[in-house]
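As structure tokens, the structure follows; a few thoughts come after it.
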Amino acid sequence: MQQEVVLAIAGSGGDGVITAGDFITKSAARKGLFAFMLKSYGPQIRGGESSARIRVSAKPIYSQGDFVDVLAVFSWKDYKRFTDEIELRENAVVLYDESDKTPLEAVPIPPEKNARFIAVPFKKLASEELKVPLAKNMVLLGVLGELLNLPLDALKDAVMQKFGKKRPEAAAVNIQAIDLGAEWVKQNLPEGIAYRLEAEGGSPKLVMTGNDALAFGAIHAGIDFFSGYPITPASPILEFLARELPRFKGAVVQTEDELAAVTMALGASWAGARAMTASSGPGLSLKQETIGLSAMAEIPLVVVNVQRAGPSTGIPSKTEQADLFQAVGGTHGDSPRVVLAPADVEDNFQVAVEAFYLAEKYQLPVIILSDQFLGERSETVDEEVLFARERKIERKLPAEDELGEDYARYKITEDGVSPMAIPGMKGGQHYISGLEHTEKGWPSSSGTVHQVMSEKRAKKLPLIAEESGFVRVYGDKDAPFAVLAWGSTKGAVREAIEAAQKKGMKVKAIVPQLLYPLPERALDEALKGVERAVVVELSFGAQFYRYLRAYYDNLPEKTYSYARAGGNPIQVQEVLKAIEDHYEKEVEA
Amino acid sequence: MQQEVVLAIAGSGGDGVITAGDFITKSAARKGLFAFMLKSYGPQIRGGESSARIRVSAKPIYSQGDFVDVLAVFSWKDYKRFTDEIELRENAVVLYDESDKTPLEAVPIPPEKNARFIAVPFKKLASEELKVPLAKNMVLLGVLGELLNLPLDALKDAVMQKFGKKRPEAAAVNIQAIDLGAEWVKQNLPEGIAYRLEAEGGSPKLVMTGNDALAFGAIHAGIDFFSGYPITPASPILEFLARELPRFKGAVVQTEDELAAVTMALGASWAGARAMTASSGPGLSLKQETIGLSAMAEIPLVVVNVQRAGPSTGIPSKTEQADLFQAVGGTHGDSPRVVLAPADVEDNFQVAVEAFYLAEKYQLPVIILSDQFLGERSETVDEEVLFARERKIERKLPAEDELGEDYARYKITEDGVSPMAIPGMKGGQHYISGLEHTEKGWPSSSGTVHQVMSEKRAKKLPLIAEESGFVRVYGDKDAPFAVLAWGSTKGAVREAIEAAQKKGMKVKAIVPQLLYPLPERALDEALKGVERAVVVELSFGAQFYRYLRAYYDNLPEKTYSYARAGGNPIQVQEVLKAIEDHYEKEVEA
Amino acid sequence: MEKVKLTAKDYKTKIPIVWCPGCGDFGVLSAIHQAVADLQIPPEKLGVVSGIGCSSRIAGYINAYGFNAIHGRPLPIATGAKVANPELTMLVAGGDGDGYSIGTNHFVHTIRRNPDLTYIVMDNRIYGLTKGQVSPTTPTGDVTKTTPLGNPERPLNPLALALELGATYIAQGFSGNVKHLKELIKEGIQHKGFALINVLSPCVTFRGKQEYDYVRDHGVYLDDVDHDPSDWNAAHEVTQWMLTKNQVPLGVIYKVEGKKTLADEINEVQEKARAKKIYKDVRELIEQFR
Amino acid sequence: MEKVKLTAKDYKTKIPIVWCPGCGDFGVLSAIHQAVADLQIPPEKLGVVSGIGCSSRIAGYINAYGFNAIHGRPLPIATGAKVANPELTMLVAGGDGDGYSIGTNHFVHTIRRNPDLTYIVMDNRIYGLTKGQVSPTTPTGDVTKTTPLGNPERPLNPLALALELGATYIAQGFSGNVKHLKELIKEGIQHKGFALINVLSPCVTFRGKQEYDYVRDHGVYLDDVDHDPSDWNAAHEVTQWMLTKNQVPLGVIYKVEGKKTLADEINEVQEKARAKKIYKDVRELIEQFR
Ligand SMILES: Cc1ncc(C[n+]2csc(CCOP(=O)(O)OP(=O)(O)O)c2C)c(N)n1
Ligand SMILES: Cc1ncc(C[n+]2csc(CCOP(=O)(O)OP(=O)(O)O)c2C)c(N)n1
Ligand code: SF4
Ligand code: SF4
Ligand SMILES: [Mg+2]
Ligand SMILES: [Mg+2]
């Protein structure tokens, strides 16, 4: 019984590859299956190659799947660009358009994969039967739907949802195309090809991208103001909020640059709003000065970084986890902040909520480190899980009797958090700045004041580290071996843990959602009994490994690093190998 | 026999306190003495309080001196602002203007100091005898010169040098004032006050600030282009170069902001110039994106950060060492760079030379982490020491036969350095960007290429770490206890080591000049035999301590941290206490 | 007539003022104190955002919600604050370096967006706080710390720039004439939309006393000549006086009402969006993901 | 007449072009290829600095020293390069977002400094590379990804802005007329000082084909009307045509020669400084520290 399948579709910009992928993902979700879709584009803005990789399963899945079971290509030329990213499973089924006459020996698929090639008349059916050559992706959809036993109804529903209202004729043609494709499979599929998903799904699921989940989470957290400047792969957050936030009477401003984006959000927050900005690496570099101002002036601020491969412009459309150092220490001075890392699409929603919770409660900047892999992929999501964690988001305001002449904006308190008067509050007038200051906010250049106020600001950190729910553990709780990971590598790590367990190893994975300040006690708890560990990450410089060494006192003495440059997401096999490499040694020792 | 003395002078802006301090320092230098002068200002732009603290000694000195032997104040009101910064030695001599009638009980000097107060008619002598009230600082100069046995001739020379040509009358009055002051001492000094420096100095020395030394060093290194934006305490570098560089046919541009400053320097370097920019924390935060571009496009760039207390605007006129994290990891992505830290005024000169050497040789950004304490203090400097270290500064250019069609700007080489064709070179035309790229510089979004090129760029780092001369060791080479420090804390640490040795402790200090990449082998060497260590620094977040943990594998297991917020420079006593705290424990163990 | 309750004194604070004796910014401070008193703006409804510079310290000297932020960024900060809290009267203050050098990008695009802010630039034609470097408004030829042989560059004309960019209230004041300046500020506050008030506010320390004399001798009050501030071309000519006639125009150079403000735009967008669809509960957003 | 050796083809490179079929930037690229060929600029003496955007990719498609730098910063990079290496012919290229949004501060101050650069802005009135967000030149009302209900803001007028700032060569071209554009670029390169060439270069993907039609239908060639590009006021009027007459001026809008360039200023400063004192050896600097 086939429980899951990994599909890949490659084509040119005009081929509708991504649309086809979206429909498959949506229909799988409607059937209650779990799905995970990754898009990839060539450098061309339009008309270049693109590919969609979709994993569908009856059981929860956490990664893109290392190997492709079914590949569908419209042209070998386009596919060529993705050989770096698509590895076929042995005996994979390869559907290709019969009009591409490249001899199969010349096709960029290694012979040892023993792929089963099937020529399909995608274009021909669309052109000849429907007179709509563009509908070839819908023919493909029908072929795949039938091949995998996806409910054709759900596929058609997805089509109707997208085109039904606005372009009914397009919808009709597409539906015909789906039928044509399905019919072709019934008639022509060679024997022995069995990728029919036999599984029954659970209840219908939502499908969303990480970026949309994050923006949605921000709305759920009550965001009032968003200012941003477009950048790949963070723009969809701006676009989602530009569309939806005005309906909630919030405001969105696309600014002239990132300096304006982050300062405008800070100004809005100072004036009482829940405010956020989002960008990727290059934008974050520009925002560092203001993040420091937020820390110094103690103004809540949520800053999203959807990381991409760097340094500099790097690879805008590819993922990486190498902005961790910057998030933790990119600002000049000793500048308190919070760094949160979502690890899947659902997390993007929840972390947005947590970010507002912490920013408002502790009056400091909160950086969310998402990444391209998290932000742009689509995943099935459970509605109830999304809303499961509730946080009371509140800024500490001064009591009536704290206002007036003696109001001290930076009053030293036990938890380091001082009641904040919001402009408009009578008797709360005060002056703030990025200068070091006394409790009243008056500038001071005294070293003593600087030390005292540094302590005051730092007091918040241990409290934040104690906030609950920020460390996740997967696998065998008593294992002597752990994989430490953060963010989007979680999926592959989690599956690798399962694979390693199946191989008889006693392993677990530890994935903190809060990176700075480190939730030390929860980590201690999670690491209990661990003798060896490997830190897995997508950063050439092994930033997480080094960061843990710098900040965490109880790292197992035998802690290793598996780190590589980003670009392609980390694979289950890679993690498994990293586990085996270091687990083995233990057995030897 | 008095070998050294620490003076402090406090007054208002108009009092000429800093000028008096400068003259004392210069005349001490001319006598061949060692001198060290620190300025401090109140928040007022002009007319506020200011103080000069000058240490003069017959032996080399490395710090400002913890305790003040002789204090001279024009008014107690001004002095009050500096009580945080000035601690008197017991039985210190306190000269104050007799016109300030504050009862001595009300003076902000603790009675237990047992200070010897002497009322001096500074103002009166200047007003009545010379009719030039402003000359009171020169009266003070005469008083101090005589008191300390500084050569009055040298003081007068310094006056002549400053005023002689342009304002001969002013010079004459000032010289008279000096004589008046000296005469007053001879006539009126109570018995038992003996702060006469009996020592004979060596050969005459230079006096310069760290900022001037750095700018001078850059000229020595052959800088062609400097672009900067004013900021305290880095502006003097811009000002020095604006004045001097055009004489060497170099160009200086004051830009509209730091983004322009750093990119303009990068553009100049790309076009073949040796280029530098300088700023302080807030400016550095803005420069992060371009530092990443320099790393990715492999274009030499020297970036100076004269650190000040942060975060945010912080305390612009005070020192700190808390931009280390930013220097090492403030840019998004895994971005190779070099971080160098001068530790005294001479070092500022030499490190400027080293910075150009490394930037040009390895084609990457080099960040110099100076600080306010280093940059603004004046120190005696030995001309020969300044020029002692010679470096051949050279950029690797393509050979004739590497040019043409096949020229590959990012050719993978053994040392990671690829020959760089400079615009203008025939056959060297090529295209570069901040995008990840192939050897030819063509953009690539392949994860494989990204990994390979990340390795290529990183290859330079171990070679840089092996460059010689970057770790200094002071004290007992075989000591089991070490103080680890960097940058401007070196002076106090070095003296604390001497003090600890005098107390019978076996200790040494290890001060790397190259912070990133860490010169591991040289550190291993220096740490041989060390069982315990304390890391001393002026960063509330203990950045150096954490950085060492993250990057250095052979840190003694018992390594402690002594870290506090900046503002006031670290004191010898503080370091000594840190040593004793942790040294003691060892004895107990 | 309503009884006047608040006086200029009520807008002072106790924070020690760090300006040099004789600094022009004292005059600007007085003018602001008087202007907001005249308008009876409740201190708690007054926001003052500034950048960094001597001038920017002013945010601490006004009994209001004062925010002395970072160099060059007061305009976007104030824009965000005004959008978030439209009831506030929002003053923005800074220097020529803050506004016309590092902050120029925001200057340009803030004018385009037209938020209801009153921007007071204390133009001393020098960098004061950093002790005397050339600024974008320093006259050609002047010696400063970074132009020891004379400024080779041509100064920027912020008035002309603002006019070209579509600003609808542009005035120039002089810190030596507090009464006049006060009126300009009041008018700027009452203007709906972005108001620029460039104030010649001499830095006695780094530009000397002659800067006062210059404005006194070359200042021409627009009220005294036949200037129609609603006439764009006339206004443009006035912005060129310093170049063409060696005269310093003082007063309202340009003023028109009725241009949409950023708040208007945001309201419009919200209304349009809500006309299409209103969610009663955040959870309804989920529909698009099914 | 000298024998022409280099042709447009010699300025092509082999890097695959990533632009969408039909993108206006192809026309700009051809015009540049032809212009530099006409001027016989040796490829090794040609520098092309760009920012980030679809348009900025152009630096890779010209046989020259090409630097596709970071978003918004090509002007200061090119300024630094030109100062360091004055022999280079320096083209700067970028998009409307790059130059008029994130890069506006440099735009303003580069014009003030007047380095000898030719700045070609491919103005497609949208953010192309990031897939269709509003730009500072997007017309009011237009739907983009970030203005789903229509752009509420007023577009910036870069031509008028440059004019006001004192630019001495301002032209507008259309990527649909390569021949005309080529001449503008040649003239810009030959102009001593900063030259701005705003090129309407339609983004077919995010603005559709009608953008071509718009320029074709509303374009007015200044050569065909009686325009005197040395007349500032006339030039100013031309910069307003899109607003006042719904016309798109094409050609040289303003041009005067003789303004000091940054290189002139730097030379002057060097000469003045060296007239005061020349050091034969770096060590002589030491004297001031004795
Ligand atoms: C990012 C950044 N760059 C530089 C500085 C240093 N700085 C402080 S104020 C200032 C300029 C002051 O000039 P202006 O804005 O005209 O104000 P003024 O002091 O003349 O009133 C500068 C460059 C800074 N604080 N932050
Ligand atoms: C600092 C920074 N912010 C944002 C981006 C993302 N980005 C890349 S190109 C671009 C704008 C593109 O528009 P334009 O300059 O008009 O060029 P076009 O693509 O339209 O030719 C943006 C915002 C970036 N690369 N760097
Ligand atoms: S330096 Fe100039 S601007 Fe600053 S306070 Fe003094 S006089 Fe005013
Ligand atoms: S997206 Fe637009 S600007 Fe970019 S290449 Fe395509 S058509 Fe050209
Ligand atoms: Mg100023
Ligand atoms: Mg564009």
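Residue numbers (numbering that gives the first Met the number 0), protein chains in the order written: chain A, 0 to 588; chain B, 0 to 588; chain C, 0 to 289; chain D, 0 to 289.
Here a beta-carbon is modelled for each residue, glycine too, at the ideal position from N, C-alpha and C.
Neighbourhood of residue i by C-beta distance below 7 angstroms, restricted to the same chain and skipping five residues each side
{"i": "residue 372(B)", "result": "318, 487 and 568"}
{"i": "residue 122(B)", "result": "96, 98, 132 and 135"}
{"i": "residue 248(D)", "result": "171, 219, 221, 237 and 240"}
{"i": "residue 247(B)", "result": "218"}
{"i": "residue 65(B)", "result": "86, 570, 571 and 572"}
{"i": "residue 16(C)", "result": "60"}
{"i": "residue 143(C)", "result": "125, 131, 132, 133, 137 and 150"}
Residue i versus residue j: straight-line alpha-carbon distance, rounded
{"i": "residue 43(C)", "j": "residue 190(C)", "result": "20 angstroms"}
{"i": "residue 108(C)", "j": "residue 303(B)", "result": "31 angstroms"}
{"i": "residue 195(D)", "j": "residue 140(C)", "result": "27 angstroms"}
{"i": "residue 23(C)", "j": "residue 174(C)", "result": "5 angstroms"}
{"i": "residue 271(D)", "j": "residue 466(B)", "result": "41 angstroms"}
{"i": "residue 268(A)", "j": "residue 301(A)", "result": "10 angstroms"}
{"i": "residue 54(C)", "j": "residue 167(B)", "result": "37 angstroms"}
{"i": "residue 209(C)", "j": "residue 216(C)", "result": "10 angstroms"}
8 angstroms contact criterion, which residue i and residue j should meet: CB distance rounded
{"i": "residue 283(A)", "j": "residue 76(C)", "result": "That belief does not hold up - the Cβ atoms of residue 283(A) and residue 76(C) are roughly 19 angstroms apart, past 8 angstroms."}
Residues near residue i by beta carbon distance below 6 angstroms, same chain, minus five either side
{"i": "residue 261(A)", "result": "276, 286 and 289"}
{"i": "residue 271(A)", "result": "421"}
{"i": "residue 541(A)", "result": "560 and 562"}
Heavy atom of ligand 7 within 7 angstroms of residue i beta-carbon
{"i": "residue 52(D)", "result": "Questions concerning ligand 7 fall outside what the structure shown contains, since the ligands it does hold are ligand 1, ligand 2, ligand 3, ligand 4, ligand 5 and ligand 6."}
Ligand 4 heavy atom lying under 7 angstroms from the CB of residue i
{"i": "residue 173(D)", "result": "no"}
{"i": "residue 22(C)", "result": "no"}
{"i": "residue 123(D)", "result": "yes"}
Proximity test, residue i beta-carbon vs ligand 5 heavy atom, cut-off 7 angstroms
{"i": "residue 134(C)", "result": "yes"}
{"i": "residue 126(C)", "result": "yes"}
Proximity test, residue i beta-carbon vs ligand 3 heavy atom, cut-off 7 angstroms
{"i": "residue 31(C)", "result": "no"}
Residues that residue i contacts on chain B, provided the C-beta gap is smaller than 7 angstroms
{"i": "residue 325(A)", "result": "328, 329, 330 and 331"}
Within chain D, partners of residue i - CB distance below 9 angstroms
{"i": "residue 590(A)", "result": "There is simply no residue 590(A) to check, as chain A begins at 0 and stops at 588 in what is shown."}
{"i": "residue 270(A)", "result": "Under the 9 angstroms cutoff, chain D gives no residues; its nearest Cβ is about 21 angstroms from residue 270(A)."}
Partners in chain C for residue i, counting only beta-carbon separations shorter than 7 angstroms
{"i": "residue 226(A)", "result": "79"}
Interface partners of residue i on chain A, CB under 7 angstroms
{"i": "residue 20(D)", "result": "46"}
Within chain A, partners of residue i - CB distance below 8 angstroms
{"i": "residue 204(D)", "result": "44 and 45"}
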